[in-house]
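Going letter by letter, the sequence shown gives residues -25 to -1, 1 to 346 in mature numbering (1 follows the signal peptide of the UniProt record, and there is no 0). Glycine included, C-beta positions come from ideal geometry on N, C-alpha and C. Some notes on the structure that comes next.
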Amino acid sequence: MDFPLASLIVALLVLLGTLYPQVEARAFFVFGDSLVDAGNNNYLATTARADSPPYGVDYPTHRPTGRFSNGLIIPDIISESIREPSVLPYLSPALTGARLLNGANFASAGIGVLNDTGVQFINIIRMPRQIEYFQEHQQRLTQQVGAAQAKRIVNQALVLITVGGNDFVNNYFLVPGSARSRQYRLPEYVKYVISEFKKILRKLYDLGARSVLVTGTGPLGCVPAELAQRSRNGSCVPELQQAAALYNPQLVQMINQLNGEIGTKVFFAVNTNQMKRDFVNSPQSFGFVTSKVACCGQGPYNGLGLCTAASNLCPNRAIYAFWDPFHPSERANRVIVQQILSGNSEYMFQGNLSTILSTVDSRIAAIDSRT
Ligand SMILES: *[C@@H]1O[C@H](CO)[C@@H](O)[C@H](O)[C@H]1NC(C)=O
Ligand SMILES: *[C@@H]1O[C@H](CO)[C@@H](O)[C@H](O)[C@H]1NC(C)=O
Ligand SMILES: *[C@@H]1O[C@H](CO)[C@@H](O)[C@H](O)[C@H]1NC(C)=O
């Protein structure tokens, strides 16, 4: 007669859940580009996709999922670190019912801060649309748990936004004499991208986001794709490095300004540039044999074209910093997430994730005790 025992346990768990609603899982919302896309582009008519082998070769299922990685990407590893299931791509038909409470991943490979970034990829989810989906998600949450609880889930959620690299790689520097490079000198373009990014962050705040990790760009000129296309001698490409050098400090400045306007720390700048420079400059100290040659690809540095079943594929993905010509390997993503979790103020300017989450929880507890 184990059936009554099982139902007793279920009843107890339901009761506990009612008594202690604060033990519910924290929701996680992800916005951005291919560095954080968990598979939305699989559902779209676009060329920016990672849905065929060897993508996913080290994923638990060993199958491609749409992630631009041999295995996990940064949002998965953050979820793993805070002991929660990975959030599903917003377009996944499996994102229904109780799973809506875990949050959603709205990211789409190829997008940028600007609407005209990634036009060559045709049908991708640009930032304004990602934000509309966030609103839609909140409406679905409200239908399920009521407006007050939906608002609480969103306020308490962790949010990650990774965007900006494509505004250089897949826009300004995509072709010589690109429309944007004829319109703006680089310093003016950077200012424009930052000012548009600020509007996006403000919108996330207006929609209830209260703890938002905002990543800067990596050393854009050092990725295998740029080494292959533009570097004569294997050193990082100066124009793209200059773009990152102008962009990242202004991003931090803009975030400080926005937090100041709001009156509290909502946005947290992640110094992705330093995190990646560490393993680009000194791959051996992280156990990588190289940070110049991609594991999967062809041509110099395995940096030309796409990673496909016909590409060179390294046997041990854990010793390569770059999986494909643009994207870090799972191992490199783990190095980055470790710094997000517990890095000092050189890596996490306004505090690391362990600090952020405890601050949010005490803020929420303070609100709860007042109501
Ligand atoms: C981007 O597109 C959205 C609508 O799709 C529009 O509201 C917004 O103004 C556009 N941004 C710029 C800078 O043109
Ligand atoms: C590589 O070439 C660039 C100019 O294209 C130069 O600035 C740099 O010093 C060179 N690096 C090495 C290691 O020779
Ligand atoms: C980052 O997080 C750790 C906890 O993992 C904490 O001990 C440390 O002081 C934090 N560092 C900074 C600079 O906030």
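DSSP puts residue i in a beta bridge; with which residues?
i, result
"residue 5", "80 and 135"
"residue 231", "The partner list for residue 231 (beta bridge, DSSP) is empty, contrary to what the question assumes."
"residue 323", "245"
I'd like to check one pair, residue j with residue i: are the Cβ atoms closer than 8 angstroms?
i, j, result
"residue 82", "residue 8", "yes"
"residue 199", "residue 276", "yes"
"residue 192", "residue 278", "no"
"residue 135", "residue 75", "no"
"residue 202", "residue 98", "no"
"residue 27", "residue 283", "yes"
"residue 307", "residue 254", "yes"
"residue 41", "residue 17", "yes"
"residue 11", "residue 48", "yes"
"residue 245", "residue 323", "yes"
Out of curiosity, what's the CA-to-CA distance linking residue i and residue j?
i, j, result
"residue 330", "residue 312", "14 angstroms"
"residue 101", "residue 207", "34 angstroms"
"residue 252", "residue 264", "15 angstroms"
"residue 160", "residue 221", "12 angstroms"
"residue 365", "residue 67", "Only positions -25 to 346 of the chain appear in this structure, which leaves residue 365 out of reach."
"residue 188", "residue 13", "17 angstroms"
"residue 236", "residue 223", "20 angstroms"
"residue 37", "residue 163", "44 angstroms"
"residue 39", "residue 84", "15 angstroms"
"residue 95", "residue 71", "32 angstroms"
"residue 326", "residue 260", "25 angstroms"
"residue 190", "residue 137", "5 angstroms"
"residue 114", "residue 295", "42 angstroms"
"residue 168", "residue 143", "10 angstroms"
"residue 124", "residue 179", "18 angstroms"
"residue 122", "residue -1", "18 angstroms"
"residue 337", "residue 131", "10 angstroms"
"residue 314", "residue 257", "16 angstroms"
"residue 60", "residue 158", "44 angstroms"
In this structure, how does DSSP classify residue i when only helix, strand and coil are distinguished?
i, result
"residue 14", "coil"
"residue -8", "Confidence at residue -8 is low in this model, with a pLDDT of 46, below 50, so its placement is unreliable and the value that follows should be read with caution. Of the three classes helix, strand and coil, the one that applies to residue -8 here is helix, per DSSP."
"residue -24", "Annotation note: pLDDT 49 at residue -24 (below 50); position unreliable, coordinate value reported separately. Three-state result, residue -24: helix."
"residue 330", "helix"
"residue 268", "coil"
"residue 308", "helix"
"residue 39", "coil"
"residue 337", "helix"
"residue 284", "coil"
"residue -3", "Because the pLDDT of residue -3 is 45, which lies under 50, any placement of that residue in the model is unreliable, and the number read from its coordinates should be weighed accordingly. It is helical."
"residue 143", "helix"
"residue 187", "strand"
"residue 301", "coil"
With a threshold of 8 angstroms between beta carbons, is residue i in contact with chain D?
i, result
"residue 2", "Of the chains in the structure shown, none is chain D; there is only one protein chain."
Mind listing, in chain order, the continuous beta strand (DSSP E) runs of no fewer than 3 residues lying wholly within the stretch 53 to 99?
Contiguous beta strand (DSSP E) elements confined to the stretch 53 to 99 occur at 78 to 80, taking only those with 3 or more residues.
3-residue-minimum beta strand (DSSP E) runs that sit fully inside the stretch 192 to 258, ordered along the chain:
Listed in chain order, they are 242 to 245.
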